[in-house]
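Scroll down for the structure; my scribbles are underneath it.
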Amino acid sequence: MLQIRNLKCFYGRIMAVKGISISVGKGEIVTLIGANGAGKSTLLHAICGILPNWQGEIVFNGKNLQGASPPSIVKSGIGMVPEGRLLFAPLSVLDNLKLGAYTQYRQKLKGHVKADLEKMTTMFPILRERAHQPAGTLSGGEQQMLAIARALMARPRLLVLDEPSMGLAPLIVEKILSVLTQLKAQGLTILLVEQNALAALKIADRGYVLETGRVVLQGKAGELLCDEDVKRAYLGRDYSDFCEGRE
Amino acid sequence: MDPSMHNEMRQLQLERLQSTINRAYRNVQFYQNQPTRFHPDPPVVESLDALNELPLTDRKQLARNYPYGMFAVPLRDVVRIHTAPGSGAHPTVSGYTRHDLKMWREIVSTALTAAEVTAHDILQIALDPGLANWARDYKDGAEAIGAGVIPNTVLSLSKQVQILKDYRTSVLITTPATAMQLAGYVAQIGYQPSIFSLKNIILVGEQVENEQRRLVEENLQAQTWLHYGLTEVPGPAIGFECEYHNGLHVNEDHFFPEIVRSHQGENDSQDAGYDELVLTTLTTRAFPLVRFRTGEQACFADELCQCGRPLRKIFRLSQRADNLVSISGVKVHRELIEFHIVNALNFLPRYRYCISHGNDGGGYLELWIEVDETFFSDEIKVLESQINAIDDRLREDLGIPVAIRLKEKISFK
Amino acid sequence: MYIEQISVFLENKSGRLAEVTGILAESNVNIRALALADTSEFGVLRLIVDDNQRAISALKAQGFAAGKTNVVAVEVDDRPGGLHAILSLLHQNRINVEYMYAFVRQTGQRAIMIFRLSQPEKAVEILKENQIAVIDGAEIHAM
Chain A
1 MLQIRNLKCF
11 YGRIMAVKGI
21 SISVGKGEIV
31 TLIGANGAGK
41 STLLHAICGI
51 LPNWQGEIVF
61 NGKNLQGASP
71 PSIVKSGIGM
81 VPEGRLLFAP
91 LSVLDNLKLG
101 AYTQYRQKLK
111 GHVKADLEKM
121 TTMFPILRER
131 AHQPAGTLSG
141 GEQQMLAIAR
151 ALMARPRLLV
161 LDEPSMGLAP
171 LIVEKILSVL
181 TQLKAQGLTI
191 LLVEQNALAA
201 LKIADRGYVL
211 ETGRVVLQGK
221 AGELLCDEDV
231 KRAYLGRDYS
241 DFCEGRE
Chain B
248 MDPSMHNEMR
258 QLQLERLQST
268 INRAYRNVQF
278 YQNQPTRFHP
288 DPPVVESLDA
298 LNELPLTDRK
308 QLARNYPYGM
318 FAVPLRDVVR
328 IHTAPGSGAH
338 PTVSGYTRHD
348 LKMWREIVST
358 ALTAAEVTAH
368 DILQIALDPG
378 LANWARDYKD
388 GAEAIGAGVI
398 PNTVLSLSKQ
408 VQILKDYRTS
418 VLITTPATAM
428 QLAGYVAQIG
438 YQPSIFSLKN
448 IILVGEQVEN
458 EQRRLVEENL
468 QAQTWLHYGL
478 TEVPGPAIGF
488 ECEYHNGLHV
498 NEDHFFPEIV
508 RSHQGENDSQ
518 DAGYDELVLT
528 TLTTRAFPLV
538 RFRTGEQACF
548 ADELCQCGRP
558 LRKIFRLSQR
568 ADNLVSISGV
578 KVHRELIEFH
588 IVNALNFLPR
598 YRYCISHGND
608 GGGYLELWIE
618 VDETFFSDEI
628 KVLESQINAI
638 DDRLREDLGI
648 PVAIRLKEKI
658 SFK
Chain C
661 MYIEQISVFL
671 ENKSGRLAEV
681 TGILAESNVN
691 IRALALADTS
701 EFGVLRLIVD
711 DNQRAISALK
721 AQGFAAGKTN
731 VVAVEVDDRP
741 GGLHAILSLL
751 HQNRINVEYM
761 YAFVRQTGQR
771 AIMIFRLSQP
781 EKAVEILKEN
791 QIAVIDGAEI
801 HAM
């Protein structure tokens, strides 16, 4: 579904991403893990058209995204859940969701929106509860749910999430990630950037490990969980119990 | 062939190649010191074709980096080390992490599955001591498929044949030389091939002529399959035959092959050069190899195989590109032979060596040493003890049969 | 006191021995004594000749590996037990015989054996003490 080859991203003269190649297959959850500054978010920004100058190839379902604008990328089927949620705080939950569906409006698919709103509030009951509250009054976890739901309103085929666990309690993180697993079961493809490597690898099919702008390791999530280097650098403890049966 | 499958494989290879290069250049001093245009940063290889910008790696460099210089992971992550005699005072080593061993199981099972090996098979391994590492890898790969395995034990021909018969071995993994010996032995003692349950024979470790294959197939009534691997570093089943038996598929998920024009000596003008098979590992963790010169001459098949696999095929040429000879899979380096001659005699006479075959088909190293005044003694026992000194050292180090012959100057013309 | 023997390395190929004798003949070298020791692979030809210098240069020029060794020429009583007496004497004195061979001579003349010994100096002393004649090089080459 998504193939990236030799992506190079610049901030002025600094090359933050130095030739990264990754791919995401249909129906997979792929996670990018790595320390701060490794280039993960930069990569996502390039995919979603927010980063102006990048070199290399980003191909989504056969379409080259070089020079494409963010709206056209959303229309192609990529939905982004940005770092920090970036909700419209004064607007209500419902309004936030409706705004997420703006491409549907533009394509005159108003009918979808009602059905989708129903779907979202069913999937995230808390949003139904707080439907008319301003988004800014929700808790961190609830805001994350709203951000995901908003992105889903655009009916994306590929959902891209940038650090969804940031600032959230472990229990909430688990809930968020189980939502992602549910979405995958419904046929969604997910690219997940996460600093919480353990949580991400537990739900992902495959992962890539980034270090200072390059991919240094990739493989099945189960293999990465058991990998000595990954354990040492990102998992913090000896998770041998996770390795039983995964090898 | 499905172009999307091809495209997916190339994407996979590019991703794996780039991360391998990043890891290798980050963790292995040898690669860090290599002069590329990106130096001191790790190189960025933008396409599979651009790999040829990077320098080649050869066995001598591996030897110079003994013992841990080429390891890309901390030693505590290395769970297995394979050794081979090497080219001088040090053995050649190759290291494997737990993940690498898992990869090798996959590599070997892919090759075995292509040879129609299934969980219902009983697999017997009959390899020379020099291929002990491969024996382990094949056993692991076969067990991963779920086949029953009779692992490698050094047995006489007659006992191998007994096991073959009594345990209803259906798949035999062995060298061409041993297969020929078995075929000859079976014919000699008058066994009918029907008493065996043998279906498939996988030939490894050496090249084999088509006539020899036919002989083995006729006498043992089983299909032969060729596998290709590197005995010292990194392992077996890198190339394997499919049901069309027309070339060796390279296990391209794990190895990226190139054919590179190389030259043997320093004097390029004298030497037209060889088409040498160069391999880059894509998944190995402990011992990544970037553009490793195998010393084998080979060429790519022109078209993809009818079997439908997207893996390119290579054909090996009978002559090696380097000066190594191989006996039962054990690589014999010129430097090693010289090393032992000098240790035994305290100087280096003129010498020559080749592989010879005994009447039973078994291969051995034949070494000719020129007798001149420095070497010569009027006493036979002195000459014999000098021969024995070299013989003992070579046998001990290589584990292969050796025959040393003293020759006059005239035999070297 | 010693005799200089020439030894030549030969492969066990047919014709090599004939080649050696041919070269010596051509160089007008006369062979006094000769012994060929062989294994399955090669042989060592031992020669006492009348002109060592000429012999060796001729052989080397033709690519043969040739060397010189000191051996001892001993007169043996021409009767049963003659040789035995010498060998026991050497054995008693812990002197090893590496090899030995007879000297070509005409009947009626003295029996002479060429010995390669582990301790030639000591051997010569003992032999002389026991009144056994040791023939020196000049005499041999002149025969």
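Chains as they are written, first to last, in our numbering: chain A, 1 to 247; chain B, 248 to 660; chain C, 661 to 803. Where a beta carbon is used, it is the ideal one built from N, C-alpha and C, also for glycine. Bear in mind the structure is a predicted one, so any value in this text is a computation, not a measurement.
If you draw a straight line from the alpha carbon of residue i to that of residue j, how long is it in whole angstroms?
i: SER294 (chain B); j: GLU505 (chain B); result: 13 angstroms
i: ILE772 (chain C); j: ILE795 (chain C); result: 9 angstroms
i: GLN3 (chain A); j: ARG345 (chain B); result: 29 angstroms
i: LYS782 (chain C); j: ALA793 (chain C); result: 15 angstroms
i: ARG263 (chain B); j: GLY27 (chain A); result: 21 angstroms
i: LEU159 (chain A); j: LEU198 (chain A); result: 20 angstroms
i: GLY609 (chain B); j: GLN428 (chain B); result: 8 angstroms
i: MET256 (chain B); j: ARG5 (chain A); result: 13 angstroms
i: SER356 (chain B); j: ALA362 (chain B); result: 10 angstroms
i: ALA135 (chain A); j: GLN218 (chain A); result: 37 angstroms
i: PHE547 (chain B); j: PRO557 (chain B); result: 13 angstroms
i: ASP515 (chain B); j: ASP305 (chain B); result: Here ASP515 (chain B) scores only 47 on pLDDT, less than 50, and its place in the model should not be relied on; the value that follows carries that caveat. Roughly 18 angstroms between the two C-alpha positions.
i: ILE449 (chain B); j: ALA424 (chain B); result: 12 angstroms
i: THR530 (chain B); j: LEU419 (chain B); result: 28 angstroms
i: THR189 (chain A); j: LEU180 (chain A); result: 10 angstroms
i: ARG270 (chain B); j: ALA233 (chain A); result: 15 angstroms
i: SER165 (chain A); j: GLU300 (chain B); result: 42 angstroms
i: THR122 (chain A); j: ASP116 (chain A); result: 10 angstroms
i: ARG415 (chain B); j: ILE397 (chain B); result: 11 angstroms
Tell me whether residue i sits in a helix, a strand or coil according to DSSP, three-state version.
i: ILE14 (chain A); result: strand
i: LEU188 (chain A); result: coil
i: ALA426 (chain B); result: helix
i: CYS226 (chain A); result: helix
i: LYS349 (chain B); result: helix
i: ALA793 (chain C); result: coil
i: TYR102 (chain A); result: helix
i: MET773 (chain C); result: strand
i: LYS728 (chain C); result: strand
i: TYR278 (chain B); result: helix
i: ARG383 (chain B); result: helix
i: ALA533 (chain B); result: coil
i: GLY682 (chain C); result: helix
i: LYS75 (chain A); result: helix
i: ALA50 (chain A); result: Note that residue 50 (chain A) is Ile in the sequence shown, not Ala. Looking at ILE50 (chain A) - three-state DSSP - the assignment turns out to be coil, as it is neither helix nor strand.
i: VAL629 (chain B); result: helix
i: ILE647 (chain B); result: coil
i: LEU504 (chain B); result: With the sequence shown as reference, residue 504 (chain B) is identified as Pro, and Leu is not the correct amino acid for it. Strand, per DSSP.
i: TYR315 (chain B); result: coil
i: LEU564 (chain B); result: strand
For residue i, count neighbouring Cβ atoms within 10 angstroms of its own Cβ and tell me buried if that reaches 16, exposed if not.
i: LEU402 (chain B); result: exposed
i: GLY222 (chain A); result: buried
i: LYS231 (chain A); result: buried
i: PRO289 (chain B); result: buried
i: HIS253 (chain B); result: exposed
i: LEU374 (chain B); result: buried
i: PRO125 (chain A); result: exposed
i: LYS660 (chain B); result: exposed
i: GLY79 (chain A); result: buried
i: LEU595 (chain B); result: exposed
i: HIS501 (chain B); result: buried
i: SER700 (chain C); result: exposed
i: CYS661 (chain B); result: Limits of chain B in this structure are 248 at one end and 660 at the other, which puts residue 661 (chain B) out of reach.
Could you tell me if the beta carbon of residue i falls within a distance shorter than 6 angstroms of some heavy atom in the ligand NAP?
i: VAL216 (chain A); result: This structure lacks the ligand NAP; in fact it carries no ligand of any kind.
Within 9 angstroms of chain C by C-beta, residues of the stretch 597-628 of chain B in sequence order:
GLU617, VAL618, ASP619, GLU620, PHE622, PHE623, SER624, ASP625, GLU626, ILE627 and LYS628
Interface positions of the stretch 452-485 of chain B facing chain C (Cβ-Cβ less than 7 angstroms), listed along the chain: none
request  = Give, in chain order, every unbroken run of the beta strand (DSSP E) that is at least 3 residues long and sits entirely within the stretch 106-173 of chain A.
outcome  = 158-162
> Using Cβ-Cβ distances below 7 angstroms, what residues of the stretch 3-22 of chain A are close to chain B?
Replying inline: GLN3, ARG5, ASN6, LYS18, GLY19, SER21 and ILE22
By the 7 angstroms beta-carbon criterion, what residues does the stretch 200-228 of chain A contribute toward chain B? ARG214, VAL215, VAL216, LEU217, GLN218, GLU223, ASP227 and GLU228
If you scan the stretch 390-478 of chain B from start to end, which runs of the beta strand (DSSP E) of 3 or more residues do you find wholly inside it? 395-397, 418-421, 447-450 and 470-475
Exercise for review: Report the residues of the stretch 682-712 of chain C with a CB closer than 7 angstroms to any CB of chain B, ordered along the chain.
Suggested key: ALA697, THR699, GLU701, PHE702, VAL704 and ARG706
Near-chain A residues of the stretch 336-362 of chain B (beta-carbon distance less than 8 angstroms), N- to C-terminal order: THR344, ARG345, HIS346 and LYS349
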